[in-house]
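With this note's numbering, the residue at position 120 of the sequence shown is 104, and numbering never jumps. Here a beta-carbon is modelled for each residue, glycine too, at the ideal position from N, C-alpha and C. Just below is one structure, and these are the notes that go with it.
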Amino acid sequence: MHKHSPVGDPVKKHAHEHPVEENDSPVHADHRVQHRFPEQVRFCALCGSEMGMRTVLPDHKRFKVCGRCGFVFFAGPKLVAGCLVIDAGRVLLLRRGIEPQVGKWTFPGGYVDFGESAAAAALRETREEVGMRVELGRLLGIYSDPIRPIAAVVVYMATAAIEEASVTDEATEVRYFAPADIPWDEIAFTTTRDALRDWLAQDKAEQRA
Ligand SMILES: [Zn+2]
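Below, the structure written as structure tokens:
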């Protein structure tokens, strides 16, 4: 949660350097706006001066660089973490309640916060999205959309604690799917599909072994 300034009109106090009004109402990230990132970043996050494209050593790659303080904006893929919760050979999927891909199915997961481990994020997101405490098992894999690899999705295997999954604003429907019942035509992301395929392939290999 964002900490907002205490009473005493701090907005006015800093008005000369931050002429933007504070707005305390919660907001969903608009993914259409987020996708303008990083090409349309214009000003330095540290000092507020204009940024321009420059070649950065030692790799000679082009990045936005602040003309005043020298801050280099190293935009990388966002890290996402989630898990495949398995019960009696079935996988837990949720129907997304929010954009992007609202109404489609995926596994619980979300962005790893700055300063948080991928494993902790997978646990937290599962708790938030489907109200379930889980125990993480092995790492299944790390997935990126091959067309637009703006995120790296770390996927763990997991087993549920005793509680049942529940629906939330982020997950309008939650249920376990047997491999034959997975709704392939309604899967939210390429990374969801790839992780599920890997799980199924490994599951089959283990059964043969
Ligand atoms: Zn700067």
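Exercise for the section: Quick one: using the 10 Å Cβ neighbour count with 16 as the cut-off for buried, is alanine 106 buried or exposed? Expected result: buried
Practice task
Given a cut-off of 8 Å, decide if valine 49 and alanine 102 are closer than it, judged by their beta-carbon atoms.
Solution key: The Cβ-Cβ distance between alanine 102 and valine 49 does not fall below 8 Å.
Exercise for the section: Classify histidine -12 as buried or exposed, calling it buried when 16 or more other Cβ atoms lie within 10 Å of its own Cβ. Expected result: Annotation note: pLDDT 47 at histidine -12 (below 50); position unreliable, coordinate value reported separately. Per the 10 Å Cβ criterion, exposed.
Practice task
Would you kindly report the start and end of the unbroken alpha helix (DSSP H) that includes glutamate 34?
Solution key: Element bounds for glutamate 34: n/a, residue is neither H nor E.
Problem - Boundaries of the alpha helix (DSSP H) in which aspartate 165 is found, first to last residue - result: It is not in any alpha helix (DSSP H) - aspartate 165 carries neither H nor E in the DSSP assignment.
Practice task
Let me know the secondary structure DSSP gives glutamate 17 once reduced to three states.
Solution key: Residue identity check: residue 17 is valine in the sequence provided, not glutamate. Three-state result, valine 17: helix.
Handout entry: Per-residue DSSP class, three states only, for arginine 132
Key = coil
Practice task
Check whether the Cβ of leucine 120 sits closer than 7 Å to any heavy atom of ligand 1, and report yes or no.
Solution key: no
Exercise for the section: Compute every distance between the C-beta of arginine 26 and the non-hydrogen atoms of ligand 1, then say whether any falls below 7 Å. Expected result: No; taking the cut-off as 7 Å, the Cβ of arginine 26 has no heavy atom of ligand 1 nearer than that.
Practice task
Below 8 Å CB to CB, which residues in the same chain sit around phenylalanine 27 once its five sequence neighbours on both sides are set aside?
Solution key: Ser33, Glu34 and Met35
Problem - Inter-residue Cα distance where the pair is glutamine 85 and isoleucine 134 - result: 16 Å
Problem - cysteine 196 CB to nearest heavy atom of ligand 1 below 7 Å - result: Because the chain is modelled from -15 through 193, residue 196 falls outside the range shown and cannot be assessed.
Exercise for the section: Please find out if some non-hydrogen atom of ligand 1 comes closer than 7 Å to the beta-carbon of leucine 180. Expected result: no
Handout entry: Span of the alpha helix (DSSP H) around valine 11
Key = It is not in any alpha helix (DSSP H) - valine 11 carries neither H nor E in the DSSP assignment.
Handout entry: Validate contact between the stretch 155 to 171 and the stretch 118 to 125 using beta carbons, cut 8 Å, 3 pairs
Key = no
Practice task
Give me whichever residues DSSP pairs with cysteine 53 in a beta bridge.
Solution key: None, per the DSSP bridge assignment.
Exercise for the section: Please find out if some non-hydrogen atom of ligand 1 comes closer than 7 Å to the beta-carbon of leucine 184. Expected result: no
Practice task
Would you list the residues sitting across from methionine 141 in a DSSP beta bridge?
Solution key: Leu68
Problem - phenylalanine 55 and leucine 30 closer than 8 Å at C-beta - result: yes
Handout entry: Closest by C-alpha distance to cysteine 67, when choosing among Trp183, Asp169 and His19
Key = Trp183
Practice task
Enumerate in chain order the residues of its own chain whose CB-to-CB distance from arginine 80 is below 8 Å, with the five nearest sequence positions on each side excluded.
Solution key: Val86, Gly87, Lys88, Trp89, Thr90, Glu154, Ala155, Thr156 and Ala172
Problem - Cβ-heavy atom distance, arginine 38 to ligand 1, below 7 Å - result: no
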